[in-house]
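Report on one structure; see the data block that follows.
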Amino acid sequence: VSGSPGCASCGLPPMEKDAEERLMIEIAKQQLLEKLHLKERPNITNTVPRVALLTALRKLHSGRVRQDGTIELENNIPTKDQGYEIVSFADINETDNSDKASLSLTFQFLQERGQSIQVLQSSLWIYARSSGDPHRDSRLLARVFLSADGGVSGSNRTLLIEKMLEVQESNWHTFTITRTLQAFLDGGQHRLRLEVSCEEDGQNLCSLDNSAETPNQPFLVAQVRLRDSHSKHLVRKR
Amino acid sequence: SLRCGEDVTVCCKRDFYIKFKDIQWDEWIIAPEGYHMNYCMGQCPQHLSGSPGIASSFHATVFSQLKVNGINTATTSCCVPTERRPLSMVYFNSQHSIVKTDVPDMIVESCGCT
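Residue numbers (this note's numbering), protein chains in the order written: chain A, 1 to 238; chain B, 239 to 352.
Right under this line is the structure:
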């Protein structure tokens, strides 16, 4: 085969190297956005503290965190229809800590029109501190409530889960909220408000310590997949 | 399969790696650090059709039989990916949430002639 100049497949004249590189990068960008069902790249300004992010990823065994803080993903073999694992952090601005008895968390969701999401599994991850008193009962009753959007913390709420936690040591605890999240998404609402009460002698062992950079920020995990085949956009969670 | 080089015009795989930092996409893509957007290019003359990395399909089998029996066909053979792997990604899809997903068939591992 004679070595024809330029593109060996289509015979187009050779492009100037930089122009070719720029074209390839644009093609790669479009392909990635299309495969992720995104219209444009998300515009992220102030993100979740990296320390909280890395904690969540470690919990999900989503990958190993190298010394320099970069993340090395395990390559799972994708399910036949592309599934998603979403980690959503409570909007701390909305999380009022005023009520000492319970921790109020607000998760925001913006669902794209014309698509419906199937929640395969969803859990709320809460970090509970130890009571600190070795002589006390090391178990603690935790309750998770669903509260009406816009309702005042503590009023107009529905008990979702009650669970005894072992708080001999500070640790993470999970609460399954699959059905709650599915009902919430099916209802097309935007803000999911949960309250977590881990009260002991008037103090809430599940409250956030006030530092914004805490690695123990509560988060919600959901394995989801698109139900409709034609809808091209993933639920955008905020 | 062959890696494309300066003097290779037959079907080969061209490596093309984009570092997300170089295109300022590392602000919203947490992992990986980049993307191997490899692609196939090059000619598939008659004697190469159906190899290497045969695009295993009934079409290739029939095509080979025609070739073995010297039956010249007007069909052309194309340089296509014969092996691909998924791309696992973790990215911010908004201020307070991240998504982890495995996008199938995103990275071309090898090329071959149909």
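Glycine included, every Cβ here is placed at the ideal spot set by N, Cα and C.
Asked	Found
Identify which residue in S348/B, I336/B and D340/B has its Cα closest to the Cα of P42/A.	I336/B
For Q108/A, name the three-state secondary structure that DSSP assigns.	strand
Sort Y273/B, E265/B and T320/B by Cα distance to V26/A and report the nearest one.	Residue identity differs from the one stated: residue 26/A is Glu in this sequence, not Val. The candidate whose alpha carbon is nearest that of E26/A is Y273/B.
Across which residues does DSSP place L192/A in a beta bridge pair?	F107/A
Is the CB-CB distance between L120/A and T178/A below 9 Å?	yes
List the residues of chain B whose Cβ lies closer than 9 Å to the Cβ of A57/A, in chain order.	Before going further, note that residue 57/A is Leu rather than Ala in the sequence given. In chain order: I268, A269, V328, I336 and K338.
Three or more beta-carbon pairs under 8 Å between the region 132-148 of chain A and the region 83-93 of chain A, yes or no?	no
Tell me which same chain residues have a C-beta within less than 7 Å of the C-beta of M275/B, skipping the five on either side of it?	F254 and I256
Going by C-alpha distance, which of P319/B, L304/B and P342/B is nearest C278/B?	P319/B
Does the beta carbon of V346/B sit closer than 9 Å to a beta carbon anywhere in chain A?	no
Go ahead and pull the three-state DSSP assignment for Q281/B.	strand
Does the region 156-164 of chain A come within contact of the region 258-265 of chain B, defined as at least 3 CB pairs closer than 8 Å?	no
By alpha-carbon positions, which one of L146/A, R143/A and N204/A ends up nearest to R129/A?	N204/A
Of the choices A222/A, L60/A, A19/A and L53/A, whose alpha-carbon is the least far from that of F184/A?	A222/A
Identify whether A142/A lies in helix, strand or coil by the three-state DSSP scheme.	strand
If we call anything under 9 Å between Cβ atoms a contact, is F107/A one with A52/A?	no
Roughly how many angstroms separate the alpha carbons of N307/B and R227/A, rounded to a whole number?	50 Å
In the DSSP assignment, what are the bridge partners of T176/A?	S123/A
Name the chain A residues whose beta carbon is nearer than 7 Å to that of E265/B?	I44
Is there a Cβ of chain A sitting closer than 9 Å to that of Q303/B, yes or no?	no
Excluding sequence positions up to five away, which residues of its chain have a Cβ less than 6 Å from the Cβ of E20/A?	none
Check each residue of the region 24-44 of chain A: if its Cβ is closer than 9 Å to any Cβ of chain B, include it; give the result in chain order.	M24, I25, I27, A28, K29, Q31, L32, K35, L36, L38, R41, P42, N43 and I44
Counting contacts by CB-CB distance shorter than 9 Å, is Y84/A in contact with chain B?	yes
For L192/A, which residues from the same chain have a beta carbon less than 6 Å from its beta carbon, with the 5 sequence-adjacent residues on both sides left out?	F107 and F184
Locate the beta strand (DSSP E) running through K338/B, then write down its first and last residues.	S335 to C351
Could you name the residues of chain B that V87/A contacts, counting a contact when the two beta carbons are closer than 9 Å?	V328, S335, I336, V337 and K338
For chain B, check one thing: does any of its Cβ atoms lie closer than 9 Å to the Cβ of D18/A?	no
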